[in-house]
Amino acid sequence: MPNLIEILVSLAGFIADIPGMEFMTRLTVFRYQILFPMHNGDLTMQARRPGGSQLLQFVPRAVFADDFPKTLVEDYYHWLYLSTAEVEFRLATSPWTSDPSNWRLHVRRDPFQSHAMRRKISGDSTLIDLIDIRLATFKMISQLLFALESPENIIITRSPKTLEASLHRLRLAFFVSQRSEVECRSMPGYVIDEIQSSGTMFGLRNQLVLCHGSGASELSRWVFIPEGDVSFTLDGNFANVSVQTGTESHVRWHEYSIDTGLGRLIGSSKTQEGKNSVEFKVKVAVGKPETV
Numbered sequence: 275m276p277n278l279i280e281i282l283v284s285l286a287g288f289i290a291d292i293p294g295m296e297f298m299t300r301l302t303v304f305r306y307q308i309l310f311p312m313h314n315g316d317l318t319m320q321a322r323r324p325g326g327s328q329l330l331q332f333v334p335r336a337v338f339a340d341d342f343p344k345t346l347v348e349d350y351y352h353w354l355y356l357s358t359a360e361v362e363f364r365l366a367t368s369p370w371t372s373d374p375s376n377w378r379l380h381v382r383r384d385p386f387q388s389h390a391m392r393r394k395i396s397g398d399s400t401l402i403d404l405i406d407i408r409l410a411t412f413k414m415i416s417q418l419l420f421a422l423e424s425p426e427n428i429i430i431t432r433s434p435k436t437l438e439a440s441l442h443r444l445r446l447a448f449f450v451s452q453r454s455e456v457e458c459r460s461m462p463g464y465v466i467d468e469i470q471s472s473g474t475m476f477g478l479r480n481q482l483v484l485c486h487g488s489g490a491s492e493l494s495r496w497v498f499i500p501e502g503d504v505s506f507t508l509d510g511n512f513a514n515v516s517v518q519t520g521t522e523s524h525v526r527w528h529e530y531s532i533d534t535g536l537g538r539l540i541g542s543s544k545t546q547e548g549k550n551s552v553e554f555k556v557k558v559a560v561g562k563p564e565t566v
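In structure tokens:
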């Protein structure tokens, strides 16, 4: 896909008559006049409404590559409001449309203040803050979810009510409950189990086990397993198995209830896409590991 700035440079029709600008587009683009100033020897891009005073500068994705979750870099275009030092993250599908609910990076001019990344909930005044990927909070929660998704594809946010982790590729979300447990949004009451063994498929790294937060033993534990390419290595008599989900924008996953009474995993009657899944039964160890 051509770079946005390359496309617009091809539309530039004449040398700009504005000081500091090299070129400008003949016509407006989605009601914006596009200007191309030189900055440190590089051609950059700015946009403004005809007759307006608000000037936006295009920020290349590479600038944010190591600072934000992958989707906020690759699936968005980034515009710096020069008058306010605020960067708006606009979806790549609508790069010319500003929206109050878009993510906005508030760049602090004071070097002793940290930058803030936040957005408003649509139709509400509640502010959602993005948790920095370098913070211990992000590392702790993303490590708990590593079986399903790599940290670069996890978005963790903080609202006045809770912390929430979004696994957008899997259409899954988890939040920190009042009991300080990480609960699955699509399975109310179920939290990440401290015991991450389903009793079978020993050596499989990519399985996330959930249990009911009440601790009731009569309620089933569940295991989530993502779809992808399977790879393995041998360590003596033991196998280390991984599921590689690659760079797909949408990753399917499967959920199974753990029936320790009959020693089996039972496929759920629903999957994340609402389709019936095939019942899958394997031996589940009761009391001690069992070869399957």
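Read in order, the letters of the sequence shown correspond to residues 275 to 566 in my numbering. Glycine included, every Cβ here is placed at the ideal spot set by N, Cα and C.
Which residues DSSP lists as bridging residue i, in chain order
i, result
"N448", "A small fix is needed here, since residue 448 is Phe in this sequence, not Asn. DSSP output for F448 lists A439, C458 as bridge partner(s)."
"T431", "L404, E438"
"D503", "Q518"
"V531", "In the sequence as presented, Val is not what sits at residue 531; that position holds Ser. Answer is W496, I540."
"Q470", "BP columns for Q470 are empty, so no partner."
"V361", "L354, L379"
"I308", "A321"
"A390", "H380"
"A513", "L508"
"F332", "W353"
"D316", "H313"
"H579", "In the structure displayed, the chain extends from 275 to 566; residue 579 sits before or after that span and is not available."
"L422", "Answer by DSSP bridge pairing: none, since L422 is not bridged."
"L478", "V515"
Own chain partners of residue i with C-beta closer than 7 Å, once the 5 adjacent residues on each side are dropped
i, result
"V347", "R335, F338, A339"
"D509", "none"
Residue burial classification, residue i (beta-carbon count within 10 angstroms, cutoff 16)
i, result
"I395", "exposed"
"G326", "exposed"
"N511", "exposed"
"L482", "buried"
"P563", "Interpretation of P563 is limited by its pLDDT of 38, a score under 50 that renders its predicted location unreliable; the figure taken from the coordinates is listed afterwards. Classification of P563: exposed, given that the 10 Å Cβ count is below 16."
"V560", "Any reading at V560 must be qualified, since the residue scores a pLDDT of 40, below 50, and its modelled position is unreliable; no value is offered."
"L539", "buried"
"I428", "buried"
"L301", "exposed"
"G441", "Reading off the sequence shown, one finds Leu at residue 441, where the question assumed Gly. Per the 10 Å Cβ criterion, buried."
"T519", "buried"
"Q417", "exposed"
"F304", "exposed"
"V504", "exposed"
"E553", "Summary for E553: the model assigns pLDDT 44, below 50, so the residue's position carries little reliability, and this model does not support an answer."
Nearest-angstrom beta carbon gap, residue j and residue i [assumed within contact, 8 Å]
i, j, result
"C458", "L419", "The Cβ separation is near 10 Å, so there is no contact."
"R392", "I407", "At roughly 15 Å, the Cβ-Cβ gap does not stay under 8 Å, so R392 and I407 are not in contact."
"F332", "T318", "7 Å"
"E529", "F498", "5 Å"
"G487", "R526", "Not really, about 26 Å apart at Cβ, beyond 8 Å."
Cβ shell of residue i (< 6 Å), same chain only, five flanking positions each side left out
i, result
"H380", "E360, A390"
"F448", "A439, V456, C458"
"R378", "E360, E362"
"I415", "I430, A439"
"Q470", "V483"
"G502", "V517, Q518, T519"
"S451", "E457"
"D533", "I540"
Beta-carbon proximity of residue i to residue j, cut-off 8 Å
i, j, result
"T521", "N514", "no"
"S523", "R445", "no"
"Y306", "W353", "no"
"Y355", "Q328", "yes"
"A421", "N480", "yes"
"R432", "I466", "no"
"S531", "S494", "yes"
"P343", "E426", "yes"
Cβ-heavy atom distance, residue i to the ligand FAD, below 7 Å
i, result
"R323", "Among the ligands in the structure shown, none appear at all, so the ligand FAD cannot be discussed."
Chain-order list of residues whose beta-carbon lies under 8 Å from that of residue i (same chain, five-residue window excluded)
i, result
"R322", "Y306, Q307, L309, Q328, L329, L330"
"R364", "Y350, Y351, H352, W353, W370, T371, S372, D373, N376"
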